Structures are given as structure tokens and as C-alpha cells.
Amino acid sequence: MAKYVVILIVVCYIFSLNAEAYGASLNVTGYPIAEGSLVYMSASIDTVEKGEVLMYREVMTDEKTSGGDRVITGYFYVPTTSGISWASISNPELLFKVWIDRSGRVDINYVHVSVPRITTYSWDNKNSHGGIDIQGDVTIGYGKRYFRHYYTDATYGSSYE
């Protein structure tokens, strides 16, 4: 019995490594941008029905270019179990493209589709200070539909368009 308790504790600890408490009530859980990557990404959507809701990620493609760079595309959606009738897996609200340069630079590009406000998050567990490195609100009201997070060996940052 004690063996199973230890296994359960270890499994819970491993899953908690991908989660960071952020804000008053939202627990931001991240997805590694690629298998074995230390850079994580996540997103949440602001809804009238439920307030801020964490979105789920779906990868569509994961390929290498002829030059040796890696490109990953996909989208974020809200599961139907959340009680929200829109932003589902068949009608996603946030698209992404990750570019992992052969030099090690990482670009995470988010494109916001139509809802009023989406927040994007990312962090690098390699140089982690224990929290989210970049958070960006992408709000249609301000005419912003594109948000970029980038990481190099020495720095990280973001930009809007």
C-alpha cells in the first residue's frame, strides 16, 4: 500500500511541474512546445459565461524544414465540458505557429480569431524563475490579433501586431 501512495505522490508532483498559479483563480497549465522542450505555452479565454477559462492545445503539424528548423502549428480551444458553446475543437479561437530555429531561438506566434479577449502565456523552464516569463493580452477592441513570444539562449520578449 505504501508503494502505491509513493507512486501517487510522485505522479502528482510530475504533473504539478507543468502548472503555475497565476491570477486570482486561474491555474495556468502549460504544454511543452515540442517533445523534450523546456519552453512551455498556454492560453486562456475571457468569457461572459464562465470568466477566464484555460484553453486546450491541439497540434496539427510538426515538421522539419530542409534547413533543419522545426515548425509546429496548431490551435487552442475550449472543451465542450467547460459549459461554453463556442471556441470548441471544431471552432477554435486561437491559432499558433512555433518556429524552433536550428540555432536554438524559439518563436511562438499566436493569431487571435474572433473573441473579445485571449491571454497568451509562455515560460522557459531551463532558466525558470518559477513563473510565467511572458503574458500577453490579445484584445480585438485594440485591433490586436497577433502576438509573438520569443526565446533565445540569453533573452526573451514579445511583440504585438
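Residues in the sequence shown are numbered consecutively from -15, following our numbering.
Think of the CB as a built atom: it goes at the ideal place given N, C-alpha and C, for glycine as much as any other residue.
These numbers were taken from a predicted model, which means no experiment stands behind them.
The beta carbons of tyrosine 24 and valine 90 sit no closer together than 8 Å.
Considering only Gly88, Gly141, His96, the residue with the shortest C-alpha distance to tryptophan 107 is Gly141. Pairing isoleucine 29 with isoleucine 92 gives a Cβ-Cβ distance that is not under 8 Å. Leaving aside the five residues that flank threonine 136 on each side, the residues in its chain whose CB is nearer than 6 Å to its CB run, in chain order, Arg89.
In this structure, DSSP gives serine 66 a helical state, which the three-state scheme calls helix.
One Cα belongs to isoleucine 73, the other to lysine 34, and the distance between them is close to 18 Å. Distance check between lysine 48 and each of Arg86, Leu22, Met39, Ser21 places Arg86 closest, using alpha-carbon atoms only.
Taking C-beta atoms under 8 Å as the contact rule, glycine 58 and glutamate 42 qualify, at a distance of about 5 Å. Relative to the Cα of phenylalanine 131, the nearest Cα in the group Leu79, Ile84, Thr139, Pro100 belongs to Leu79. For aspartate 46, the enclosing beta strand (DSSP E) has its first and last residue at 40 to 48. Residues of the same chain with a CB within less than 6 Å of the CB of lysine 81, apart from the 5 flanking positions on each side, are Thr57, Asn93 in chain order. If you ignore the 5 residues before and after threonine 139, its C-beta comes within less than 8 Å of no other C-beta in its own chain.
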